[in-house]
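In what follows, a single structure is set out as C-alpha coordinates and then discussed.
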Amino acid sequence: MWSLPLAFRGALYPLGRLTFERIAPAPDGADFPPLPPGTCAIGTHIPDTGPLDPQACDASFAQARDFLAHHFADRPAAFICHSWLLDPQLAEYLPAESNLVRFQRRFTLKPNQFERNHNEILQYVFGQQNQGPDVPEDVLTELPQDTTCQRAYVTHLRSGRHWYGRTGWAPL
(Lines of atoms letter the chains of each structure in order from A and count residues from 1; the text may use other names and numbers.)
(Lines give C-alpha, C1' and ligand atoms only; values in the text may rest on other atoms or scores of the structure.)
Protein backbone atom coordinates (compact mmCIF):
# COMPACT_ATOMS: atom_id res chain seq x y z
CA MET A 1 0.00 0.00 0.00
CA TRP A 2 1.28 3.47 -0.93
CA SER A 3 0.90 4.97 2.54
CA LEU A 4 2.99 2.41 4.46
CA PRO A 5 6.34 4.26 4.09
CA LEU A 6 4.70 7.43 5.44
CA ALA A 7 3.09 5.51 8.29
CA PHE A 8 6.35 3.83 9.26
CA ARG A 9 8.10 7.21 9.35
CA GLY A 10 5.38 8.62 11.59
CA ALA A 11 4.49 11.16 8.90
CA LEU A 12 0.78 10.31 8.67
CA TYR A 13 -1.61 11.68 11.24
CA PRO A 14 -5.05 10.04 11.47
CA LEU A 15 -7.27 12.77 12.84
CA GLY A 16 -10.90 11.71 12.86
CA ARG A 17 -12.31 10.56 9.51
CA LEU A 18 -9.30 11.69 7.44
CA THR A 19 -5.53 11.26 7.58
CA PHE A 20 -3.05 14.10 7.08
CA GLU A 21 0.63 14.79 6.47
CA ARG A 22 2.75 17.91 6.46
CA ILE A 23 4.00 18.82 2.98
CA ALA A 24 7.01 21.14 2.89
CA PRO A 25 7.16 23.75 0.12
CA ALA A 26 8.84 22.60 -3.09
CA PRO A 27 12.42 23.92 -3.33
CA ASP A 28 11.74 25.24 -6.85
CA GLY A 29 8.62 27.13 -5.70
CA ALA A 30 6.39 25.08 -8.02
CA ASP A 31 3.79 24.41 -5.34
CA PHE A 32 0.10 24.17 -6.04
CA PRO A 33 -1.19 26.48 -4.81
CA PRO A 34 1.86 28.73 -4.38
CA LEU A 35 2.83 28.64 -0.70
CA PRO A 36 3.97 31.83 1.03
CA PRO A 37 7.37 31.71 2.80
CA GLY A 38 7.24 30.07 6.22
CA THR A 39 4.20 27.96 5.37
CA CYS A 40 3.47 24.36 4.48
CA ALA A 41 0.58 22.45 2.95
CA ILE A 42 -1.46 19.79 4.67
CA GLY A 43 -1.72 16.66 2.55
CA THR A 44 -5.15 15.08 2.88
CA HIS A 45 -5.64 11.31 2.56
CA ILE A 46 -8.99 9.52 2.49
CA PRO A 47 -8.79 6.14 4.25
CA ASP A 48 -11.30 3.50 3.22
CA THR A 49 -13.07 3.58 6.57
CA GLY A 50 -16.60 4.52 5.64
CA PRO A 51 -18.67 7.40 4.32
CA LEU A 52 -17.29 10.90 3.89
CA ASP A 53 -19.82 12.39 6.29
CA PRO A 54 -19.50 16.21 5.98
CA GLN A 55 -19.57 16.81 9.75
CA ALA A 56 -16.89 14.17 10.35
CA CYS A 57 -14.74 15.71 7.58
CA ASP A 58 -15.24 19.22 9.04
CA ALA A 59 -14.05 17.94 12.42
CA SER A 60 -11.01 16.24 10.82
CA PHE A 61 -9.99 19.38 8.94
CA ALA A 62 -10.29 21.42 12.15
CA GLN A 63 -8.17 18.90 14.06
CA ALA A 64 -5.53 18.92 11.30
CA ARG A 65 -5.30 22.72 11.32
CA ASP A 66 -4.75 22.77 15.07
CA PHE A 67 -2.45 19.73 15.19
CA LEU A 68 -0.06 20.83 12.46
CA ALA A 69 0.02 24.45 13.64
CA HIS A 70 0.92 23.22 17.14
CA HIS A 71 3.55 20.63 16.14
CA PHE A 72 5.40 22.29 13.24
CA ALA A 73 7.18 25.64 12.97
CA ASP A 74 5.82 26.53 9.53
CA ARG A 75 2.20 27.60 9.38
CA PRO A 76 -0.28 25.47 7.41
CA ALA A 77 -1.45 27.46 4.37
CA ALA A 78 -3.71 25.06 2.45
CA PHE A 79 -5.07 21.54 2.31
CA ILE A 80 -3.88 19.51 -0.70
CA CYS A 81 -5.50 16.28 -1.89
CA HIS A 82 -4.63 13.99 -4.80
CA SER A 83 -7.19 11.29 -5.43
CA TRP A 84 -9.46 9.63 -7.94
CA LEU A 85 -12.25 10.79 -5.62
CA LEU A 86 -11.65 14.33 -6.91
CA ASP A 87 -12.38 13.37 -10.54
CA PRO A 88 -15.34 15.67 -11.35
CA GLN A 89 -16.73 13.03 -13.69
CA LEU A 90 -17.98 11.18 -10.61
CA ALA A 91 -20.55 13.96 -10.15
CA GLU A 92 -22.13 12.86 -13.45
CA TYR A 93 -23.18 9.62 -11.74
CA LEU A 94 -23.84 10.68 -8.15
CA PRO A 95 -26.52 12.90 -6.60
CA ALA A 96 -25.40 16.51 -6.04
CA GLU A 97 -25.80 16.13 -2.28
CA SER A 98 -23.92 12.84 -1.99
CA ASN A 99 -21.10 12.84 0.54
CA LEU A 100 -18.52 12.28 -2.17
CA VAL A 101 -19.68 15.19 -4.36
CA ARG A 102 -19.83 17.46 -1.30
CA PHE A 103 -16.27 16.40 -0.44
CA GLN A 104 -15.14 17.23 -4.00
CA ARG A 105 -16.62 20.73 -3.74
CA ARG A 106 -14.24 21.55 -0.88
CA PHE A 107 -11.32 21.57 -3.32
CA THR A 108 -10.26 23.74 -6.25
CA LEU A 109 -8.73 21.48 -8.88
CA LYS A 110 -5.31 22.04 -10.33
CA PRO A 111 -5.93 23.00 -13.96
CA ASN A 112 -4.69 20.81 -16.80
CA GLN A 113 -3.50 18.03 -14.49
CA PHE A 114 -4.97 14.63 -15.28
CA GLU A 115 -3.49 11.24 -14.36
CA ARG A 116 -5.29 8.18 -15.71
CA ASN A 117 -6.30 6.22 -12.68
CA HIS A 118 -8.31 3.10 -13.54
CA ASN A 119 -6.26 0.75 -11.38
CA GLU A 120 -6.56 2.67 -8.11
CA ILE A 121 -10.33 2.84 -8.46
CA LEU A 122 -10.44 -0.87 -9.32
CA GLN A 123 -8.49 -1.55 -6.12
CA TYR A 124 -10.50 0.68 -3.78
CA VAL A 125 -14.00 0.16 -5.19
CA PHE A 126 -13.72 -3.54 -6.03
CA GLY A 127 -10.71 -4.81 -4.07
CA GLN A 128 -9.08 -6.08 -7.28
CA GLN A 129 -5.72 -5.53 -8.94
CA ASN A 130 -5.00 -4.76 -12.59
CA GLN A 131 -1.54 -4.15 -13.99
CA GLY A 132 -2.23 -2.54 -17.35
CA PRO A 133 -3.25 0.97 -18.33
CA ASP A 134 -6.67 -0.29 -19.47
CA VAL A 135 -9.15 -2.64 -17.86
CA PRO A 136 -9.96 -5.56 -20.18
CA GLU A 137 -13.60 -6.24 -21.04
CA ASP A 138 -13.47 -9.68 -19.39
CA VAL A 139 -12.52 -8.00 -16.10
CA LEU A 140 -15.31 -5.41 -16.47
CA THR A 141 -17.81 -8.20 -17.11
CA GLU A 142 -16.91 -9.92 -13.83
CA LEU A 143 -17.12 -6.83 -11.62
CA PRO A 144 -20.05 -6.50 -9.22
CA GLN A 145 -22.34 -3.55 -9.85
CA ASP A 146 -24.10 -3.33 -6.50
CA THR A 147 -23.34 0.33 -5.69
CA THR A 148 -23.64 3.58 -7.61
CA CYS A 149 -19.83 3.90 -7.67
CA GLN A 150 -19.39 0.38 -9.04
CA ARG A 151 -21.98 0.93 -11.78
CA ALA A 152 -20.45 4.33 -12.65
CA TYR A 153 -16.95 2.83 -12.93
CA VAL A 154 -18.02 0.09 -15.35
CA THR A 155 -20.40 2.27 -17.39
CA HIS A 156 -17.79 5.01 -17.74
CA LEU A 157 -15.04 2.67 -18.99
CA ARG A 158 -17.39 0.83 -21.35
CA SER A 159 -18.33 4.17 -22.92
CA GLY A 160 -14.65 4.65 -23.88
CA ARG A 161 -13.96 7.31 -21.26
CA HIS A 162 -11.26 7.31 -18.57
CA TRP A 163 -11.06 8.01 -14.84
CA TYR A 164 -8.41 10.39 -13.55
CA GLY A 165 -6.59 11.16 -10.37
CA ARG A 166 -6.85 14.88 -9.72
CA THR A 167 -5.09 17.28 -7.38
CA GLY A 168 -7.01 19.95 -5.56
CA TRP A 169 -6.43 22.48 -2.82
CA ALA A 170 -8.70 23.95 -0.17
CA PRO A 171 -8.08 27.01 1.96
CA LEU A 172 -7.61 26.60 5.67
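So that you can map any letter, position 76 of the sequence shown is 127 in my numbering, and since no number is skipped, the others follow by simple counting. All residues carry an ideal CB built from backbone N, CA and C; glycine is no exception. Given the structure is predicted, the values throughout are model-derived calculations rather than measurements.
**Prompt:** Which class does residue 210 belong to by DSSP, given the choice of helix, strand or coil?
**Reply:** Translated into positions along the sequence shown, residue 210 becomes position 159. Shown here, residue 210 sits in coil according to DSSP, grouped into three states, outside any helix or strand.
**Message:** Output needed for residue 90: all residues of its chain with C-beta closer than 6 Å, excluding positions within five of it in sequence on either side, in chain order.
**Reply:** The residue labelled residue 90 in the question sits at position 39 within the sequence shown. Taken in chain order, the residues that qualify are 125, 126 and 128.
**Request:** Leaving aside the five residues before and after residue 186 along the sequence, list all residues of the same chain whose C-beta is less than 7 Å from its C-beta, in chain order.
**Result:** Your numbering for residue 186 matches position 135 in the sequence shown. Counting only Cβ-Cβ distances below 7 Å, and skipping sequence neighbours, we find 169, 173 and 208.
**Asked** Does DSSP put residue 166 in a helix, in a strand, or in coil?
**Response** Position 115 of the sequence shown, counted from the first residue, corresponds to residue 166. DSSP places residue 166 in strand when its eight states are reduced to three.
**Message:** At the level of alpha carbons, what is the spacing between residue 112 and residue 159?
**Reply:** Here residue 112 is taken as the residue at index 61 of the sequence shown, counted from 1. Here residue 159 is taken as the residue at index 108 of the sequence shown, counted from 1. The alpha-carbon of residue 112 is positioned some 16 Å away from that of residue 159.
**Prompt:** Can you name, in chain order, every residue of its own chain whose Cβ lies under 7 Å from the Cβ of residue 202, other than the five neighbours on each side?
**Reply:** On the sequence shown, position 151 is the one that residue 202 refers to. Annotation for residue 202: 196 place their beta carbon closer than 7 Å to its own, counting only its chain and skipping 5 residues before and after.
**Buried versus exposed, by CB contacts within 10 Å (16 or more), residue 198** = Your numbering for residue 198 matches position 147 in the sequence shown. Residue environment for residue 198: exposed (fewer than 16 other C-beta atoms within 10 angstroms of its C-beta).
**Message:** Going by DSSP, what residue range makes up the beta strand (DSSP E) through residue 134?
**Reply:** Your numbering for residue 134 matches position 83 in the sequence shown. Note, residue 134: beta strand (DSSP E), 126-134.
**Prompt:** Which same chain residues, not among the five before or five after residue 151, have their C-beta less than 7 Å away from its C-beta?
**Reply:** As a working mapping, residue 151 is identified with position 100 in the sequence shown. Once the five neighbours on either side are set aside, the close Cβ partners of residue 151 are 103, 136, 141 and 145.
**Residue(s) in a DSSP beta bridge with residue 74** = Counting from 1 along the sequence shown, the entry for residue 74 is found at position 23. Beta-bridge annotation (DSSP): residue 74 is paired with 92.
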